[in-house]
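Contents: one structure, followed by commentary.
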Amino acid sequence: DAKTTQPTSMDCAEGRAANLPCNHSTISGNEYVYWYRQIHSQGPQYIIHGLKNNETNEMASLIITEDRKSSTLILPHATLRDTAVYYCIVRGGTASKLTFGTGTRLQVTL
Amino acid sequence: DTGVSQNPRHKITKRGQNVTFRCDPISEHNRLYWYRQTLGQGPEFLTYFQNEAQLEKSRLLSDRFSAERPKGSFSTLEIQRTEQGDSAMYLCASSLVSGTPNSPLHFGNGTRLTVT
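The listed protein sequences correspond, in order, to chains A and B.
Residues 1 to 110 in our numbering are what the first sequence spells out, letter by letter.
Residues 111 to 226 in our numbering are what the second sequence spells out, letter by letter.
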């Protein structure tokens with residue numbers, strides 16, 4: 001599975017959009033981009049995933065560049081409860097497991 | 111609650127003792143995964159099952175670790191002769207793999223093991 005690069009940490013004001021970037025320049029054609037988050041003392045929570053089209057659900061939007069070498073997770077109106085570590089993961093089309101990096105620690109502040 | 115359930119939530123044991131953790135996946139999910147997570151790191155893959163068959167094991171899964179999923183439903187992870195380095199959060203996840211590729215994994219809240 002391709003490696004991903006994320007900033008170590010980010011801050012966001014409550015009520016503003018949080019834009020979390022991820023680079024995956026070695027991604028292959030059949031690999032998906034997944035996002036998970038982990039709130040302290042809980043297991044990782046699935047947010048969203050996509051292949052090449054932008055995706056949106058009730059939690060977030062995923063924007064994937066046309067060359068698929070990077071993506072951005074957007075939380076449209078961040079709240080204090082969105083404070084967590086966010087993991088961007090590239091997963092092969094037929095792969096089973098997820099391979100986690102160290103993620104981005106998002107701190108939402110008042 | 112229909113999510114992944116793990117028991118116990120916390121376990122403290124003395125070095126050299128054996129411990130066993132249980133995971134109940136989401137009903138009808140045919141894949142079950144075990145991960146380990148230490149402080150400040152992302153979860154690390156240990157092993158996974160499809161139904162009752164153990165299909166992949168990480169080199170992190172030493173001989174002291176054994177996982178089972180006897181009837182393709184719940185799973186147990188046993189650690190024999192625990193060492194202080196085994197202290198970690200042990201996470202279980204499940205997914206439903208059918209015709210669609212790339213089904214998300216859904217995680218439980220883990221079992222935190224402390225070896226003294």
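C-beta atoms are modelled at their ideal positions from N, C-alpha and C, and glycine is treated no differently.
Every value quoted in this text rests on a predicted model; they were computed, and no experiment measured them.
- In this structure the region 55-74 of chain A touches the region 23-41 of chain A; the number of beta carbon pairs closer than 8 Å is three or more.
- Within the same chain, 35, 55, 57, 60 and 62 come within 6 Å of residue 48(A) by CB-CB distance, once the 5 residues on both sides are set aside.
- Excluding sequence positions up to five before and after residue 108(A), its CB lies within less than 6 Å of the CB of 12, 14, 78, 80, 82 and 83, all in the same chain and listed in chain order.
- Look at residue 80(A) here: in three-state DSSP terms it is helix.
- Of all residues in the region 79-108 of chain A, the ones placed with a Cβ closer than 7 Å to any Cβ belonging to chain B are 87, 91, 93, 94, 96, 97, 98, 99, 100, 101, 102 and 103, in chain order.
- The Cβ of residue 44(A) sits closer than 7 Å to at least one Cβ of chain B.
- In the displayed model, residue 127(B) falls within coil according to three-state DSSP, outside both helix and strand.
- Secondary-structure assignment with DSSP links residue 50(A) through a beta bridge to 33(A).
- When DSSP states are grouped into helix, strand and coil, residue 194(B) belongs to the helix group.
- Identification of chain B residues near residue 24(A) by a Cβ-Cβ cut-off of 8 Å yields none; the smallest Cβ-Cβ distance measures about 15 Å.
- The beta-carbon separation of residue 27(A) and residue 90(A), rounded to 5 Å, stays under the 8 Å limit for a contact.
- Note that the C-beta distance between residue 220(B) and residue 101(A) is not below 7 Å.
- A straight-line Cα-Cα distance of about 12 Å links residue 115(B) and residue 186(B).
- Annotated as distal: residue 174(B) and residue 146(B), with beta-carbon spacing of 7 Å or more.
- Less than 7 Å divides the Cβ of residue 157(B) from the Cβ of residue 144(B).
- A straight line joining the alpha-carbon of residue 170(B) with that of residue 188(B) spans about 14 Å.
- For residue 199(B), DSSP records a beta bridge to 147(B) and 222(B).
- The alpha carbon of residue 179(B) has as its nearest neighbour, out of 127(B), 132(B), 125(B) and 120(B), the alpha carbon of 132(B).
- Rounded to whole angstroms, residue 105(A) and residue 43(A) show a C-alpha spacing of 15 Å.
- If the five residues before and after residue 50(A) are omitted, its C-beta is found closer than 8 Å to the C-beta atoms of 32, 33, 62, 64 and 71, all from its own chain and listed in chain order.
- Boundaries of the beta strand (DSSP E) harbouring residue 9(A): 9-13, taken from the DSSP string.
- Taking CB atoms only, residue 215(B) has a neighbour in chain A less than 7 Å away.
- In this structure, residue 226(B) sits near residue 124(B), with a CB-CB distance shorter than 7 Å.
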